[in-house]
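Note that the numbering used here has the sequence shown beginning at 8, numbered continuously upward.
Reading through the C-alpha cells given below for one structure.
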Amino acid sequence: MGICIGSLGSTVACCFGNAFCSLCCSACPSCKGSTSTRIAYGLILLVGLITSCIMLIPGLEQTLNKIPSLCKHSTSNTNNMLVPAIDCSKLVGSLAVYRLSFGITIFFFVLSILMIKVKTSKDFRAKIQNGFWAFKLIILIGMIIGAFFIPNNGFDYAFMIVGLIGGFLFILVQLLLSIDFVHSWNESWVDHVEFGSKKHGYGLLFFTFLFYALTITGVVSFYIYYAPDHSICRLHTFFISFNMFLCILLSIISILPCVREYNSSCGLLQSSFVSLYVIYYTWSAMSNYPDSRCNPSFNTIIHPTNSTTPSDATRQQSLSDPITIIGLILFTCALFYSVITTSRNTRAKKLFLSTSLSSFDSTILDDAQLVNSVTDDKWILGSDKEHHQRVYDNERGSVAYNYSLFHFMFLLATLYAMMTLTNWYTPAKDFHTYNNNLASLWVKIVSSWLCVVLYIWTCIAPAVFPDRDFS
8 MGICIGSLGS
18 TVACCFGNAF
28 CSLCCSACPS
38 CKGSTSTRIA
48 YGLILLVGLI
58 TSCIMLIPGL
68 EQTLNKIPSL
78 CKHSTSNTNN
88 MLVPAIDCSK
98 LVGSLAVYRL
108 SFGITIFFFV
118 LSILMIKVKT
128 SKDFRAKIQN
138 GFWAFKLIIL
148 IGMIIGAFFI
158 PNNGFDYAFM
168 IVGLIGGFLF
178 ILVQLLLSID
188 FVHSWNESWV
198 DHVEFGSKKH
208 GYGLLFFTFL
218 FYALTITGVV
228 SFYIYYAPDH
238 SICRLHTFFI
248 SFNMFLCILL
258 SIISILPCVR
268 EYNSSCGLLQ
278 SSFVSLYVIY
288 YTWSAMSNYP
298 DSRCNPSFNT
308 IIHPTNSTTP
318 SDATRQQSLS
328 DPITIIGLIL
338 FTCALFYSVI
348 TTSRNTRAKK
358 LFLSTSLSSF
368 DSTILDDAQL
378 VNSVTDDKWI
388 LGSDKEHHQR
398 VYDNERGSVA
408 YNYSLFHFMF
418 LLATLYAMMT
428 LTNWYTPAKD
438 FHTYNNNLAS
448 LWVKIVSSWL
458 CVVLYIWTCI
468 APAVFPDRDF
478 S
C-alpha cells in the first residue's frame with residue numbers, strides 16, 4: 008500500500024488495495040511496501056487515539072443529547088413511531104475508551120497470532136499483512152462496535168488489570184526506543200562535530216544543559232510540592248532522593264574513562280536525556296499516590312489560593328493534565344520512531360528482532376533502475392512513470408521486520424494509550440470520578456529504575472564483554 012497522506016480521498020482509496028492506492032498517490036516518493044504498511048497501521052492506531060481523546064471531551068454527552076432522535080430520551084419521530092436510539096452515556100468517558108481500546112487490542116492480537124513465522128511476502132499471510140485494507144478496517148470497526156455490547160459485570164476492572172500489565176510492558180519498549188534514539192542522536196551530532204561543525208557542538212552543549220536544568224528543576228519542585236512534610240510523605244521523599252542518586256550515578260558512569268575507552272559514544276547528552284526521562288516517570292508515579300497532602304493537583308500548584316483540593320481518593324479526570332499530555336507526546340514519538348526506525352537503523356533492527364533483509368532491500372535503487380530492472384507486478388505494486396511514484400515489494404527474500412512482534416507491540420501501545428488517557432486511575436462506578444491507583448504508582452517507579460539499569464548496561468556492556476560486537 009502506498010503512502011497516502013496527500014488527501015483524505017487518497018487515504019480512503021488506499022483501503023481497497025495496493026494497486027488502486029498507487030494510482031491515487033502518484034505524487035508521493037518511491038517507498039518500500041514494508042514501510043508503507045507500518046505507516047498505515049500507525050495511522051490506524053493514531054486515529055484510535057484521537058477518537059479516544061474525543062470521547063473524553065467534557066460536555067460531549069450533553070452535546071450528543073441535543074441531536075434529535077439519537078439518544079434514548081428522544082426516541083420518537085414526527086409520526087410518533089419509535090426509532091432506534093442509543094445510550095449516549097456509553098459513548099463518552101473512561102468506559103468508552105476502555106471499550107474502544109478493547110476492540111483495537113483484539114484486532115492487533117489476532118493479527119499477531121496470525122502472522123507468527125511469516126518469512127517472506129510470498130506467504131499468503133503476508134498478503135493479509137500488506138493488503139485487504141477495506142476488509143481489515145471493516146473487521147476492526149466490527150470489533151469496536153461489538154465491544155460496546157459487552158456487559159459491564161467486572162469488565163472495567165478486569166481490563167484495567169490487563170491495561171496495567173500491557174502499559175508496563177510498553178513502557179519497557181518505550182525505554183528501549185528512547186535509549187536507542189538518544190544514542191543515535193549523539194553519534195550523529197558527534198560525527199558532525201568531528202568534521203568541523205561548530206553548530207552541532209553548540210547544539211550538544213545546549214541540549215545537555217537544558218535536560219540537566221529541567222532535571223534539577225524537577226527534583227527541587229518535587230521536594231517542595233510532593234514531599235512538603237517528610238514525616239507524612241516519606242515514600243515520595245525516598246523516590247525523589249533515590250532517583251536523584253541514580254541520575255547522578257548514571258551521569259558519572261557515562262564519562263568514566265574505562266567506559267569511554269570501550270564505548271566512545273557514551274556522553275552527557277545521553278545521561279541528561281535519560282535523567283530527565285527518569286524524573287518524568289518519578290513525577291508520573293507520585294501523581295497516583297492516594298494521599299492528597301503528598302499529591303497536589305496541578306491547578307493547586309499553579310493557583311494555591313483559588314483551587315480546592317480534592318479528596319484523598321477521588322480526582323476529576325482532565326485531558327489537560329500535563330502528565331497526560333507529556334505521556335501522549337512520548338507515546339506518539341515512540342510509536343512513529345518504531346515505525347520508521349527499523350527501515351534505516353541497524354541497531355533498531357536488532358532491537359525489534361528483524362530478520363535479515365533481502366539483497367534487493369540492501370541495494371539502493373533509483374526510479375530508473377526500478378523501472379528497467381524490475382517489471383514483475385508482484386514486485387512493483389504500483390507505478391506511474393510520469394510522476395515517478397513506486398511502491399515496491401522488498402520482502403520476497405525475507406521480511407524486513409517481524410510481523411507478529413510488530414502487532415504485539417501495537418497491542419501494548421494501545422493498552423498504554425488507554426491507561427495514559429485515563430490517568431492510570433481505577434474508575435469509579437459512574438466513570439466520572441477516578442480513584443488513585445497504587446498499582447500504577449509502582450508500575451511507573453519500577454519503570455524508572457529499569458530505565459536506569461538499561462541505560463547503564465548500554466554504557467558498560469562493551470567494557471564488560473570487550474570481545475563482543477555492540478555496534
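Don't be surprised by glycine CBs; every beta carbon is placed ideally from N, CA and C.
Assigned secondary structure, residue i (DSSP; H/G/I helix, E/B strand, else coil)
i	result
VAL471	helix
SER271	coil
GLY208	helix
TRP486	The structure shown does not extend to residue 486, since the chain is modelled only from 8 to 478, so the question has no answer here.
GLY203	coil
LEU183	helix
ASP198	helix
CYS240	coil
ASP328	coil
ARG300	coil
PHE167	According to the sequence displayed, residue 167 carries Met and not Phe. Note: MET167 maps to helix in three-state DSSP.
LYS143	helix
ALA407	coil
TYR233	coil
ILE262	coil
SER128	coil
VAL285	helix
MET122	coil
LEU63	coil
PRO138	Here residue 138 is Gly; the residue named in the question, Pro, does not match the sequence. Here GLY138 sits in coil by DSSP.
ASN159	coil
SER248	helix
VAL2	There is no way to answer for residue 2, as the model of the chain reaches only from 8 to 478.
ASN295	coil
ASN193	helix
Spatially closest choice to residue i from the options, by CA coordinates
i	options	result
SER59	GLN69, LYS97, ILE46	LYS97
SER271	GLU194, MET293, THR289, ALA292	GLU194
ALA234	PRO329, ARG300, TYR219, LEU253	ARG300
GLY49	PHE415, SER128, PHE246, ILE123	PHE415
ASP236	GLY170, PRO303, SER261	PRO303
TYR164	ARG241, MET426, THR465	MET426
TRP456	PRO297, ILE223, ILE247, GLY153	ILE247
ASN159	LEU102, ILE145, VAL169	LEU102
ILE286	CYS273, ASN250, GLY334	ASN250
ASN137	GLY173, ILE46, PHE218, PHE116	ILE46
PHE178	TRP449, ILE57, ILE255	In the sequence under discussion, the amino acid at residue 178 is Ile, which differs from the Phe named in the question. Checking every option, the nearest Cα to that of ILE178 belongs to TRP449.
SER411	PRO65, VAL117, ILE64	VAL117
VAL406	ARG132, ILE148, ASP474	ARG132
PHE213	PHE114, GLN277, GLY153	GLN277
THR44	ARG106, ILE120, ILE123, TRP140	TRP140
CYS458	ILE168, GLN69, LEU182	LEU182
Residue i burial status per 10 Å Cβ neighbour count (16 or more: buried)
i	result
THR112	buried
GLY225	buried
GLN396	Bear in mind that a pLDDT of 49 at GLN396, under 50, signals an unreliable position, so the number given afterwards is only what the model happens to contain. The residue in question, GLN396, is buried, as its Cβ has 16 or more Cβ neighbours within 10 Å.
THR42	buried
CYS28	Only weak support is given to the placement of CYS28: the predicted model assigns it a pLDDT of 45, under 50, and the value that follows is read from those uncertain coordinates. That one is buried.
CYS466	buried
ALA424	buried
LEU388	Because the pLDDT at LEU388 is just 46, under 50, the model does not fix this residue reliably, and the value given afterwards should be weighed accordingly. Buried.
CYS254	buried
ASP298	exposed
SER238	exposed
ILE336	exposed
SER204	exposed
ARG475	exposed
ILE259	exposed
PRO469	buried
ARG241	exposed
PHE114	buried
ASP187	buried
PHE166	buried
Sub-8 Å separation of residue i and residue j beta-carbons
i	j	result
VAL189	PHE338	no
GLY110	ILE151	yes
SER185	THR421	no
PHE52	LEU428	The question names Phe, but residue 52 in the sequence shown is Leu. The answer is no: Cβ separation not under 8 Å.
ILE261	GLY274	Before going further, note that residue 261 is Ser rather than Ile in the sequence given. In contact: SER261 and GLY274 (Cβ atoms closer than 8 Å).
SER282	ILE330	no
GLY173	LEU418	yes
LEU147	ILE135	no
SER454	TYR288	yes
ASN444	ASP328	no
Any chain B beta carbon closer than 8 Å to residue i
i	result
ILE239	Absent from the structure is chain B; it holds one protein chain and no more.
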